Structure formats: C-alpha cells, structure tokens
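Take the sequence shown: its position 34, counting from 1, is numbered 34 in full-length UniProt numbering, and each next residue is one higher.
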Amino acid sequence: MSKRLGKGLDALIPSLSVNDDDKIVEISLKELRPNPYQPRKNFDHESIQELAESISQHGVIQPIIVRKVLKGYEIIAGERRYRASEVAGKKTIPTVIRSFTDQQVMEIALIENVQRENLNALEVATAYQALMEEFKMTQEELATKVGKSRSHIANFLRLLSLPDAVKEHVSRGTLSMGHARSLVSVKKEEVIIALANKAIEQEWNVRQLEEAVQNLDKKKEDSTKSKTKKTDPYLVDVEETLRDRFQTTVKIKHSNKDKGKIELNYYSKQDLERLLEMLNQM
C-alpha cells in the first residue's frame with residue numbers, strides 16, 4: 001500500500017498491505033468490478049491516461065486488492081490501476097485476494113480517497129452520511145474511523161442541507177467548501193441560491209460571502225451601493241486562522257484603543273457544544 005495513504009488504512013485494516021508472503025494472482029479484467037461503495041464519482045482522464053502509459057511500459061507494479069463475490073471479484077483498493085489497465089489494453093492484472101466485510105470495504109474506499117484528497121467536498125459529505133446510515137454510526141464513531149475531528153464530520157454533513165443547485169457548484173469546484181459552509185446558516189433556499197450565484201459572478205472570497213450573509217437582516221439605505229470597508233490585514237489573517245481552527249464563521253470587531261471582540265457563529269445546540277468543548281481545551 002502506498003505510503004501516501006498515511007497510517008489511516010493500515011490502522012483500520014492491517015492486512016491491506018501487500019507483503020512478500022502474499023500470493024499474487026493474475027485475474028482477468030472481465031472478472032473484476034469496481035467497489036460499489038466507491039465515493040469518488042469522477043476519475044481524472046489525464047491522470048488515468050498517464051498511468052496507462054506507465055503500465056504499458058512497466059506493467060502494474062503494485063497489485064490491486066480484491067475480494068471474492070458471487071460473480072467474480074470486487075475491487076477493494078486499486079481502481080485507478082484497474083481503469084488504467086483497461087485503457088492500456090491489458091487482459092489481466094496482478095491481484096491479492098482478501099476477505100472483507102461490507103463495512104470494511106466502504107471504510108477503505110472512503111479513507112483511501114479522502115487521504116489522497118481525490119474527493120470534492122460533496123462526495124466526502126455523501127460518503128460520510130452513507131457510512132453513518134448504513135452502519136448506524138454516530139459522528140464521533142465515524143470521526144474515529146476516518147481519523148478526523150467530530151467538527152470536521154459535522155461541517156461536511158451540513159453541506160448536504162444546501163439546495164441542489166448550490167451543491168452542484170461545490171461539486172464542480174465553482175464554490176469552495178468555505179463558501180458552502182457560509183451559506184448553511186441561511187434559511188431561505190432562494191436567498192442561498194442568489195448569494196451563491198452572486199459569489200460566483202463577482203468572484204467573492206469566503207470572507208466577502210460571510211459578510212453578505214451577516215448583512216442579510218440589516219437595512220441599507222442604498223442596497224445597490226457597495227461600501228468598501230477598510231480592514232486591518234493582521235485581523236483578516238487572524239480571522240482566517242480562527243476560522244480554520246474552529247471550522248465556523250469568525251468575526252473580529254475592532255474598536256478604538258486596541259479593544260474589540262471576537263464572535264464565533266454556531267448553527268445548532270450540538271455545534272455550540274462543540275465550540276465550548278474546543279474552547280475549554282485551550
């Protein structure tokens with residue numbers, strides 16, 4: 001198993017690593033089928049083509065991991081190598097056969113992709129939800145499984161409440177995870193969509209979108225007049241640091257004589273408890 005996967009997969013399923021004692025067999029590509037729990041829906045064509053060229057010259061260096069199913073074999077790890085072998089015109093591929101439960105297969109597919117950062121935010125969120133529903137996991141149990149914090153899990157799951165049009169933008173990458181997270185607190189679907197479209201059209205960064213969300217309930221004499229607010233670069237940097245640390249909207253309000261206040265937004269009782277827990281640990 002590639003070291004790029006870190007310790008997550010090895011800790012979850014130690015037998016996933018291929019060693020010298022393993023029996024490597026050549027299996028026909030026709031007998032293989034992709035992992036049905038694979039959260040990644042889009043594979044980069046260019047990277048598959050590059051891998052196919054390498055396989056044509058050097059063969060498949062690292063065997064893929066499969067499990068025996070009713071009809072043929074199911075890929076546990078190595079779907080890119082399988083797809084690239086098809087492109088390269090290979091008839092067989094070196095494999096190691098393992099025995100895994102459905103839950104293990106699902107976890108492996110998720111962790112492998114998340115650690116390789118091949119999934120977009122919506123694919124990760126959908127995979128997290130599927131794991132929790134399929135195997136009756138709590139957020140904390142899932143966080144332990146995938147090596148993430150509970151707040152990380154909660155933030156991704158909140159994305160699933162967004163309108164489909166906005167989720168599509170996140171999937172395509174026209175809106176970032178930070179943009180999407182800023183919109184979760186808005187209640188009206190039409191307002192969410194309007195803000196998302198405006199953020200894309202005007203190329204707002206996350207902070208600008210957050211300010212637009214915060215100003216929704218404020219009355220303005222001229223709604224079409226844009227106001228340029230002078231900000232301290234240092235405070236902007238601190239806000240970004242705190243936003244990443246607490247995984248929520250953060251606002252620093254600076255007054256005269258170096259005084260001010262820091263506001264942390266929460267969107268549910270559970271979210272508030274998460275923030276209080278983090279603050280108590282500091």
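From the three backbone atoms N, C-alpha and C, an ideal C-beta is built for every residue, glycine too.
The structure presented is a predicted model; accordingly, all values stated were derived computationally and were not measured.
Buried or exposed: residue i, going by 16 or more other Cβ atoms within 10 Å of its Cβ?
| i | result |
| --- | --- |
| Q139 | buried |
| P36 | exposed |
| P14 | No answer about P14 holds up, because its pLDDT of 47 lies below 50 and its placement is not dependable. |
| L276 | exposed |
| I64 | buried |
| residue 286 | With the chain running from 1 to 282 in the structure shown, residue 286 is simply not present. |
| H169 | buried |
| D20 | exposed |
| K71 | exposed |
| M106 | buried |
| L51 | buried |
| K216 | In the sequence as displayed, the identity of residue 216 is Leu instead of Lys. Label assigned to L216: exposed. |
| F43 | exposed |
| A196 | buried |
| K148 | buried |
| T249 | buried |
| G59 | exposed |
| E189 | exposed |
| R172 | exposed |
| I61 | exposed |
| N280 | exposed |
| K253 | exposed |
| E203 | exposed |
| Q57 | exposed |
| R245 | exposed |
| P233 | exposed |
Check for me: the beta strand (DSSP E) holding residue i runs from which residue to which?
| i | result |
| --- | --- |
| A77 | Y73 to A77 |
| K68 | I64 to K68 |
| G260 | G260 to L264 |
| I252 | V250 to H254 |
For the alpha helix (DSSP H) that contains residue i, what are its first and last residues?
| i | result |
| --- | --- |
| K167 | D164 to R172 |
| V18 | It is not in any alpha helix (DSSP H) - V18 carries neither H nor E in the DSSP assignment. |
| G59 | Premise fails: G59 is in no alpha helix (DSSP H) and is neither H nor E. |
| A196 | E189 to E201 |
| Y267 | Counting along the chain, Y267 falls outside any alpha helix (DSSP H), and DSSP gives it neither H nor E. |
| V236 | P233 to F246 |
| Q208 | V206 to Q214 |
| A180 | M177 to L183 |
State the beta-bridge partners of residue i as determined by DSSP.
| i | result |
| --- | --- |
| I27 | I93 |
| L32 | Y73 |
| R98 | R67 |
Original post:
Any chance the stretch 118–130 sits against the stretch 91–99, with 3 or more Cβ pairs inside 8 Å?
Top reply: Flag = no, the stretch 118–130 and the stretch 91–99 do not touch.
**OP:** May I have a chain-ordered list of the alpha helix (DSSP H) segments no shorter than 4 residues that lie completely inside the UniProt domain "HTH cro/C1-type" (129–158)?
**Re:** If we require 4 residues or more, the alpha helix (DSSP H) runs fully inside the UniProt domain "HTH cro/C1-type" (129–158) come out as 139–146 and 150–158.
**OP:** Specify whether the stretch 151–163 and the stretch 264–281 touch according to this definition: at least 3 beta carbon pairs, one from each stretch, less than 8 Å apart.
**Re:** Contact holds: three or more Cβ-Cβ distances are below 8 Å.
Original post:
Are the stretch 160–168 and the stretch 181–189 touching by the rule of at least three beta carbon pairs closer than 8 Å?
Top reply: Contact between the stretch 160–168 and the stretch 181–189 is present, because at least three Cβ pairs lie under 8 Å.
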